[in-house]
Structures are given as structure tokens and as C-alpha cells.
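A quick write-up on the structure given underneath.
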Amino acid sequence: MNPLTPDPSTGSGSSPELDPSVEPLPLDEGANGEIQGGRYYGRGVPYLPIDGYPGKLIAIEGTDGVGRSTQIRLLREWLEVKGYGVIETGWTRSPLMQPTIEIAKSSNTLNKLTFVLLYATDFADRLEKEIIPALKAGFIVLSDRYIFTALARAGVRGVDRQWLRTLYGFAIAPHLTFYLNVDVKTLSRRVLESRGMDYWESGMDLKHGDDIYDSFRTYQNRLLKEYASMADEFHFRVVDARRTVDRIQDELRRQVDAFLDPDGVKSLD
Amino acid sequence: MTFSLLHATDFADRLLYKIIPPLKAGMIVLADRYTYTAFARDVTRGVDRLWVRELYSFAVRPDLSLYFRVPIDVSVDRLLARRVKLKFYEAGMDLGWSTNPVESFRLFQGKVLEEYDQLVDEFGLRVVDASRSITEQQRLVREMIAEHVKTTSAVEVVDDEPVNA
Chain F
1 MNPLTPDPST GSGSSPELDP SVEPLPLDEG ANGEIQGGRY YGRGVPYLPI DGYPGKLIAI
61 EGTDGVGRST QIRLLREWLE VKGYGVIETG WTRSPLMQPT IEIAKSSNTL NKLTFVLLYA
121 TDFADRLEKE IIPALKAGFI VLSDRYIFTA LARAGVRGVD RQWLRTLYGF AIAPHLTFYL
181 NVDVKTLSRR VLESRGMDYW ESGMDLKHGD DIYDSFRTYQ NRLLKEYASM ADEFHFRVVD
241 ARRTVDRIQD ELRRQVDAFL DPDGVKSLD
Chain G
1 MTFSLLHATD FADRLLYKII PPLKAGMIVL ADRYTYTAFA RDVTRGVDRL WVRELYSFAV
61 RPDLSLYFRV PIDVSVDRLL ARRVKLKFYE AGMDLGWSTN PVESFRLFQG KVLEEYDQLV
121 DEFGLRVVDA SRSITEQQRL VREMIAEHVK TTSAVEVVDD EPVNA
């Protein structure tokens, strides 16, 4: 049995440790099949009740080099001018895990499973120490990437999708999830113009070949497909990221404004 | 949560490098603690019972799992007799139940033992009474293991691949 790809359909590889009465956890538990923003996706963190917290969680998703951080910076300025308290949180940025993840990435000992679990640990740390306290205090949390990045990367690497979704059952569903959508051609040029292609972002660990450009295209293509397949499941608001920074920002602001202030009371522009 | 996930990461690493390869080679793997430790400890720390079981669903189910059961008083006495300094997390000090390490240990490990008791039925753990003498325990353990391992075979099975291949 390959522990990385348990196949629930055969029963042989799925949850060998598990009591047969324990069903895989459904991700969607709402009456209409939709998890509301600000609720846990799955079983959550029992010792951290989050119901009724006033803050809002906004996730900006999209693949490497799509322009997330630029958009988040602009969004933050705009929100702060409007008088909202804003904090940012970003993938692998937890003080607890960042050094460990860097060390692990630079060694050759990391495998699919430990990769996933290190990311999940980092996320859990930021959830407990940054995201939940900020939501409790009424902040707007702008998340540069969210669990969908982890689901996409691990999905491409062949980790069981149901297991991943159960693992991230302790995550909070964002109130808004923007997905910056791009094609590989545009993405390749954008990345090459800025900082160049990097080992992990090119999926070199998947051994598609020695050519980083070809590997980047193959890997990012698969990642984009993986993201696209999650769009409905997680209610992405898909934003065309091939446009100029300003056009994208306008669209984000319009949608955020409509969500935060549906009556237009606080609208300044 | 981070405590639970870090241990799971460590376990995944050991599973793929230290446990699965020898199993493939037909060897016996003796694991000092297994996923059951995580089930008992993490749940005591407030992690969801089902979530942690699903988390570890990538683990290999042991052919035999032995649980050395000991009353909490015996456990505390043994540790203190050896003047072991109780570790912060081992004593569950992170939970803030008591500022006294021994008292905290007693409370925390007491809860952990209650969780273990549930695991015995759930996963069919074989219980060894660990308050008995080491010799007696070892005799029992050997009997239990003998049921699973052929010890009669005197002939060493040589690898079926030619040496000079």
C-alpha cells in the first residue's frame, strides 16, 4: 500500500487505523451544502469557539507570481483609509514554522506527506495566533494564499484529496475568496520579468525533466487545473488577473465594498 | 493544533524512512510509541477525536500493539524515584491546569490514561500490566509476540536475488 495515495473506493488503503463506524468527514455541512464564511470547514478546533466573531477573513488566492502581494498591499491601504483595522497573514510566514520549512525545503529529505504536514502546522500556528485573535478583535484579515494553495500543491503531487480536506477541517471558511486567474503563458512572462523561476514553483521535485522552463509550464498548468477544479467547491470569486494592476484592484475593491458595506454608508468613492 | 501537527510530521517522516522500508524488506519493526500516543495526548489537549484519527489514516496498522498499562500513582512514583525532572509538555504544563509540575503531570497524564483505556477496545490493543515485575512483563510480551512471529525456523532465508547481479 502506498500511504500517500489511499484509495477510498477500494477500501484497502483508506484509513486502516480507523474505526469502521467513523465515516470520512463531509466538508460541506450546511443545509444548502455551503459553509458560511467565518465557520470551520470541518470539525474545527474544539477549544477555540469562533462563532459570532466580528472580524472578516478575505483570502486572495492564485498561483506563484500572479500578483497577489501587490493587490493585497493596495487593498490594505484602501481599507485602512476607510477606517478598517487590517492584518495580513501569508503562507509559511508563521514564526514557529518558517525556519523549519526553509531548512526542510533546502534538504532532500522532504516528501509529499511531510511537505503537506509542515504547511498544515504553519497554517495552524497562524490560525491560532494571528487569524482567530484578529477576527475576535474585529479586524479584516487579508490572507495572502489560503488552504487552497496547500490543497492544489498536494493534489498535484498525488496526495489523497479527501484526506487533505479532512486535514484542513480545522480551517475557517473565508468570508470572501478571490482567485486571481491567469494562463500559463502570461504567467511565465510575468515571472521571468520579475524574479525568475524557482525550484519549487517550477515543480522540479516532480522530475518532469531538467529544463526549468518546461517544468514550470507543466507544473503550473497542472496547478491551475487543480485550482480551477476547486472554484465551485469553495466558492471562489474568479478575477481575471491578466489585466493591469489597477483594473484588478478596482474589481477587488468593488466586491469587497459590496460585501463589507452593502448599503454604501461608508463608501468614500 | 501545532503540537499535534508537528508530531504528525515527525511520524510521517519516520514512517516513510524508518518503518515502511524495513517492512518491505520483511523485517520486524519495534515502535516505541505509535499513533495511539498521539490519539491519547492530542485529544487530552483538546484536539478533535475524529480529526486526529483521520489525520493519521496514512499510518500502517501494526500487526500487534501492546499497551503497558500502569496506574498514575505508580507512574509518578517511578519517575520521581529516579529523580527525573518532569518535562514541560510531558507534564501538560502548557495547559495551565496547575503550576506545580507534579500535580500538573498527575492531572494531565491521568486524562491521557483515560483516553488510552478507550483506545484498547477501539484498536484492539493488547494490555500488559506494567505494575508487575519486568521479568513477568517480558515473559508475557514474548508470548504475545510469539503468536505473531515464527521463531521455529532455524534456516536463515537468503535473499532470492543473486549476489553478483
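Protein sequence lines, in the order shown, are assigned to chains F and G.
FYI, the numbering for the first sequence is 1 to 269, going by my numbering.
FYI, the numbering for the second sequence is 1 to 165, going by my numbering.
Think of the CB as a built atom: it goes at the ideal place given N, C-alpha and C, for glycine as much as any other residue.
Assuming the contact rule is C-beta atoms closer than 8 Å, residue i and residue j should be a hit. Round their C-beta distance to whole Å, please.
i                            : j                            : result
leucine 50 of chain G        : arginine 39 of chain F       : That belief does not hold up - the Cβ atoms of leucine 50 of chain G and arginine 39 of chain F are roughly 18 Å apart, past 8 Å.
alanine 134 of chain F       : isoleucine 87 of chain F     : 5 Å
glycine 96 of chain G        : leucine 107 of chain G       : Not really, about 11 Å apart at Cβ, beyond 8 Å.
phenylalanine 284 of chain F : glutamate 201 of chain F     : Chain F is shown only over 1 to 269; residue 284 of chain F falls outside these bounds and no answer can be derived.
glycine 37 of chain F        : phenylalanine 139 of chain F : Contact doesn't hold; Cβ gap of about 15 Å is too wide.
threonine 121 of chain F     : leucine 15 of chain G        : Threonine 121 of chain F to leucine 15 of chain G, Cβ: 16 Å. No contact.
valine 127 of chain G        : valine 141 of chain G        : So it is not a contact: roughly 11 Å between Cβ atoms.
leucine 167 of chain F       : leucine 55 of chain G        : 6 Å
threonine 114 of chain F     : threonine 9 of chain G       : 5 Å
valine 112 of chain G        : alanine 40 of chain G        : 5 Å
valine 52 of chain G         : glutamate 115 of chain G     : At roughly 11 Å, the Cβ-Cβ gap does not stay under 8 Å, so valine 52 of chain G and glutamate 115 of chain G are not in contact.
threonine 92 of chain F      : glutamate 130 of chain F     : About 13 Å separates the two Cβ atoms, so there is no contact after all.
Tell me the DSSP secondary structure of residue i in three-state form.
i                            : result
glutamate 201 of chain F     : coil
aspartate 28 of chain F      : Summary for aspartate 28 of chain F: the model assigns pLDDT 44, below 50, so the residue's position carries little reliability; its value from the coordinates is reported in the next sentence. Of the three classes helix, strand and coil, the one that applies to aspartate 28 of chain F here is coil, per DSSP.
phenylalanine 178 of chain F : strand
phenylalanine 68 of chain G  : strand
serine 21 of chain F         : Any answer about serine 21 of chain F is weak, because its pLDDT of 44 lies below 50 and its placement is not dependable; what the coordinates show is given next. Serine 21 of chain F: coil per DSSP, three-state reduction.
leucine 30 of chain G        : coil
serine 131 of chain G        : coil
alanine 59 of chain F        : strand
threonine 70 of chain F      : helix
alanine 258 of chain F       : helix
tyrosine 168 of chain F      : helix
threonine 218 of chain F     : helix
threonine 92 of chain F      : coil
tyrosine 227 of chain F      : helix
valine 45 of chain F         : coil
valine 86 of chain F         : strand
aspartate 240 of chain F     : strand
proline 16 of chain F        : Caution applies to proline 16 of chain F, whose pLDDT of 38 falls short of 50 and renders its modelled position unreliable; the model cannot decide the point.
valine 126 of chain G        : Correcting the residue type first, residue 126 of chain G is arginine in the shown sequence and not valine. DSSP places arginine 126 of chain G in strand when its eight states are reduced to three.
tyrosine 17 of chain G       : helix
If the cut is a Cβ gap below 8 Å, which residues of chain G does residue i touch?
i                         : result
glycine 158 of chain F    : What glycine 158 of chain F touches in chain G: nothing, since even the nearest Cβ is about 13 Å away.
proline 99 of chain F     : Near proline 99 of chain F there are no residues of chain G at all, since even the closest Cβ is about 13 Å away, more than 8 Å.
tryptophan 163 of chain F : Glu54, Ser57, Phe58
Residue i versus chain F: which residues are under 8 Å apart at the beta carbon?
i                        : result
leucine 64 of chain G    : Here the premise fails: no neighbours, minimum Cβ distance about 14 Å.
tryptophan 97 of chain G : Here the premise fails: no neighbours, minimum Cβ distance about 13 Å.
serine 104 of chain G    : What serine 104 of chain G touches in chain F: nothing, since even the nearest Cβ is about 17 Å away.
leucine 135 of chain G   : A quick correction: the sequence has threonine, not leucine, at residue 135 of chain G. By Cβ distance, chain F contributes nothing, its closest Cβ being about 32 Å from threonine 135 of chain G, past 8 Å.
Below 7 Å on C-beta distance, what does residue i contact in chain F?
i                        : result
alanine 12 of chain G    : Leu113, Thr114, Leu117
glutamate 115 of chain G : Chain F residues near glutamate 115 of chain G: none, gap ~14 Å exceeds 7 Å.
leucine 16 of chain G    : Asn111, Leu113
Which residues in chain G sit within 7 Å of residue i, going by Cβ to Cβ distance?
i                      : result
alanine 120 of chain F : Leu5
leucine 96 of chain F  : Thr2
tyrosine 47 of chain F : Gly46
leucine 167 of chain F : Leu55
alanine 124 of chain F : Met1, Thr2, Leu5
Is the number of C-beta pairs between the segment 170-183 of chain F and the segment 55-72 of chain G that are closer than 8 Å three or more?
no
Quick test of the definition: if touching needs 3 or more C-beta pairs under 8 Å, does the segment 147-163 of chain F touch the segment 218-230 of chain F?
yes
To test your reading of the DSSP string, which unbroken alpha helix (DSSP H) runs of 4 or more residues are found completely within the segment 103-154 of chain F?
112-126, 132-136
Would you check if the segment 62-78 of chain F and the segment 248-256 of chain F touch, i.e. whether three or more CB-CB distances between them fall below 8 Å?
yes
Runs of beta strand (DSSP E) wholly within the segment 52-110 of chain G (minimum 3 residues, chain order)
66-69
Three or more beta-carbon pairs under 8 Å between the segment 155-165 of chain F and the segment 45-54 of chain F, yes or no?
no
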